[in-house]
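Counting from 1, position 258 in the sequence shown corresponds to residue 257 in numbering that gives the first Met the number 0; the numbering is continuous, with no gaps.
Taking it in order: structure first as structure tokens, then the write-up.
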Amino acid sequence: MKLGLIIGLCVFSQVVLADGLPVITLQPTNLIVSQGDTATLTVAATGATSYQWRFNGADISGATNFTLQIPNAQTNNAGYYMVVAKNATGWVPSQMAWLSVVSGSGGVVPFSNATNTGLYAQARSSLDGSVINNGNAQVVAGPALDQMQPVGLSTAVSNGYYGKSFFTRIVPTVVPGQTVYYRVDIAYTNIYSSSTLTQQSTVLNLVAGGGIYPVPSAGDLKFPGWPEWPEPIFMVSDWSFLLNGAKSTPTNQIRVPGESFSLTNLFWGYGDYGTPTWQWRKNGVPLGTPQNFVGGMVGEAAAAVLNVTNAQPADAGIYDVVVIGNDWIVGPKTVLSVQTTNGCGVFQSPRLQGTNLVCDLLGAVGRKYQVQCSLDLVVWNDVATLSNAIGMVTFSNAPAANAIFYRTVLLP
């Protein structure tokens, strides 16, 4: 916005409809209900005037209240739910909540490596790669990669093996024939310090057994035995020197319509059991096609970059990266809000204090603005850079003796 000052008098200001984005004070949370029951999800947000619930990334028609009810919940209602809180300033997404609908039968997964003979089929210590002789094996499974949880009882591990060939576990949050993500965790004693360590297997993507569906095989399950396994896959920005200065995107970004920008997550890529891939998701739903990790070396750094062009309010949501390889894992989430008004900056309440022009700059929270001035609306000169930490920041400047105009420019 431009603000004109003629001989110290302010020509105009702008009326603002909303002072800030909604603030979510109660997030929807994961929920498990029995088939046929009513599932209720709730959100609370200060400053919100309306809501829009989404299921697996798509808007739910008519779901515009702070509470969402799913009567007579069935297994096809299971999935990711989230809500966008809105007001005249913009759109703010809630966190994602997963709804599990338990049918009573449950899908069946294997629980034994007794018949496995491949490389690293035995559970191995992450200390020195030796087979584990003291520990307990536990199935961890669920309908989505970030909805895996311990299932059933654990069993003892001896010489790297656990269970017998007929051992199975029932996963109550999936039904027979449904896709299930599955791994086995081994809790064992550190022989050097007597502390408890956990060794995770690779993750398998299976079709759950039960009913007419046979119990799937765990033959491809592996227990890598290197000292660095497992370790954090996603990197902090301090490690950006590995990728020529690339840094992971901070969370809780606020953007304005029309902006183009990139989201970046850095991670380790492992090529031990084939070429890993990575894929961005929005609200838990994959975006585009999986991308191959370029390099293939064990422990090589890589960057997942998502380019957003001409951002719009509907782009508000939760973004993350899934790395699919030795250990399938979901990376840190980036919360993207979109501010639809005042994003480029609005001068309010222009006034004189002594010989200085003073204005309140209303804009996007956490963004920086360049204030510029001009004598002819053609040539613009930089005056000051303002950090708008809370959405409102005060600007003060000694005006020129003749007519002068001010404007703000939103910085990247």
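All C-beta atoms in this analysis are idealised placements derived from N, C-alpha and C, irrespective of residue type, glycine included.
query: If we call anything under 9 Å between Cβ atoms a contact, is Leu262 one with Thr333?
result: Less than 9 Å separates the beta-carbon of Leu262 from that of Thr333.
- request: Return yes when the Cβ of Ala363 is within less than 9 Å of the Cβ of Val255, no when it is not.
  value: The Cβ atoms of Val255 and Ala363 lie closer than 9 Å to each other.
query: Who are the near neighbours of Val408 in its chain, counting only those whose CB is closer than 7 Å to its CB and skipping five residues on each side?
result: Contacts found: Tyr368, Gln369, Gln371.
message: Going by DSSP in three states, Asp145 sits in which element: helix, strand or coil?
response: Collapsing the DSSP output to three states places Asp145 in a helix.
field: DSSP-derived helix/strand/coil call for Asn76
entry: It is helical.
task: Can you tell me the Cβ-Cβ gap for Gly365 and Ile211, rounded? I've got them flagged as a contact below 8 Å.
output: In fact, because the Cβ distance is near 54 Å, the residues do not count as touching under 8 Å.
query: Cβ of Val321 versus every heavy atom of the ligand ADP: is any distance shorter than 8 Å?
result: As far as ligands go, the structure on display features none, and thus does not contain the ligand ADP.
- request: With DSSP as the reference, label Asp314 as helix, strand or coil.
  value: DSSP places Asp314 in the helix class (H, G or I) of the three-state scheme.
Spatial neighbours of Thr114 in its chain, beta-carbon cut-off 8 Å, leaving aside the 5 residues before and after: These residues qualify, in order along the chain: Ser164, Gly218.
task: Consult DSSP for Lys332 and reduce its assignment to one of helix, strand or coil.
output: Coil at Lys332, not helix or strand.
message: Just to confirm, is the Cβ distance from Ala120 to Gly134 under 9 Å?
response: Taking 9 Å as the Cβ cut-off, Ala120 and Gly134 do not qualify as a contacting pair.
- prompt: Can you tell which of Gly330, Pro215, Leu356, Asp359 has its C-alpha closest to the C-alpha of Gly106?
  reply: Answer by Cα proximity: Pro215.
task: Please name the residue in Val156, Ala140, Leu126 whose C-alpha comes closest to that of Thr452.
output: This structure does not reach residue 452, given that the chain is present from 0 up to 411, and the question cannot be answered.
- request: Compare the C-alpha of Asp314 against each of Trp90, Ala301, Ile169 and name the closest.
  value: Here the closest residue by C-alpha is Trp90.
- request: Report, in whole angstroms, the separation of the C-beta atoms of Val22 and Thr45, which I expect to be a contact under 8 Å.
  value: Confirmed, Cβ separation roughly 5 Å.
task: With Lys281 as the anchor, note down where its beta strand (DSSP E) starts and where it stops.
output: Counting along the chain, the unbroken beta strand (DSSP E) around Lys281 starts and ends at 276 to 281.
query: Based on Cα-Cα distance, which residue from Asp145, Cys343, Ala303 lies nearest to Phe292?
result: Checking every option, the nearest Cα to that of Phe292 belongs to Ala303.
task: Buried or exposed for Gln13, please, with buried defined as at least 16 other CB atoms from any protein chain shown within 10 angstroms of its CB.
output: Reliability fails at Gln13, whose pLDDT of 34 lies under 50, so the model's placement of it is uncertain and no value is given.
query: Under the rule that 16 or more other beta-carbon atoms within 10 Å means buried, what is Leu360, buried or exposed?
result: That one is buried.
message: Measuring straight from C-alpha to C-alpha, what distance separates Asn309 and Val320?
response: Those two C-alpha atoms are separated by around 21 Å.
query: Comparing alpha-carbon positions, which option in Gln352, Thr339, Val357, Val337 lies nearest Phe346?
result: Checked all of Gln352, Thr339, Val357, Val337; the closest Cα to Phe346 is Val357.
Straight-line gap, Gln94 to Trp379 (C-alpha atoms, nearest Å): In a straight line, the C-alpha of Gln94 is about 42 Å away from that of Trp379.
- prompt: Between Thr63 and the rest of its own chain, which residues show a CB-CB distance below 8 Å, the 5 nearest in sequence each way excluded?
  reply: Here the set comprises Ser49, Tyr50, Gln51, Trp52.
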